[in-house]
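Below is one structure, written out as structure tokens, with a few remarks after it.
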Amino acid sequence: FATARRAHQEGLASLASANGRELEIDCAGITSSDSAGLAVLLDWLAAVKRAGGGLRYRRLPSGLVALSRIGEVEELLEGGV
392 FATARRAHQE GLASLASANG RELEIDCAGI TSSDSAGLAV LLDWLAAVKR AGGGLRYRRL
452 PSGLVALSRI GEVEELLEGG V
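Each residue of the sequence shown is one higher than the last, beginning at 392 in our numbering.
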């Protein structure tokens, strides 16, 4: 959870400047994750949408995809906003 909290805060700071742009995050470097990591990705989507931008995730790890299916939010992660 500590890693997710730090990533969440750093990501929000970086994404705050979306200003209507379409952004993409490559998730290939994620080696492990849990529901906290999924929550971070979902919150980033919401933050970018509030800022008038769009966000897509590429190369999501299979574990995160599985969690998103269980939580019935797979479309959000794979489709972006």
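No residue lacks a Cβ here, since even glycine has one placed at the ideal position from N, Cα and C.
What's the gap between the Cα of residue i and the Cα of residue j?
i	j	result
residue 395	residue 431	7 Å
residue 423	residue 452	8 Å
residue 444	residue 414	7 Å
residue 427	residue 393	9 Å
residue 434	residue 441	10 Å
residue 397	residue 403	10 Å
Throw me the rounded Cβ distance for the residue i and residue j pair, which I believe falls under 8 Å.
i	j	result
residue 450	residue 419	4 Å
residue 462	residue 429	7 Å
Determine the burial state of residue i: buried for a count of at least 16 other Cβ atoms within 10 Å of its Cβ, exposed for fewer.
i	result
residue 408	exposed
residue 411	exposed
residue 405	exposed
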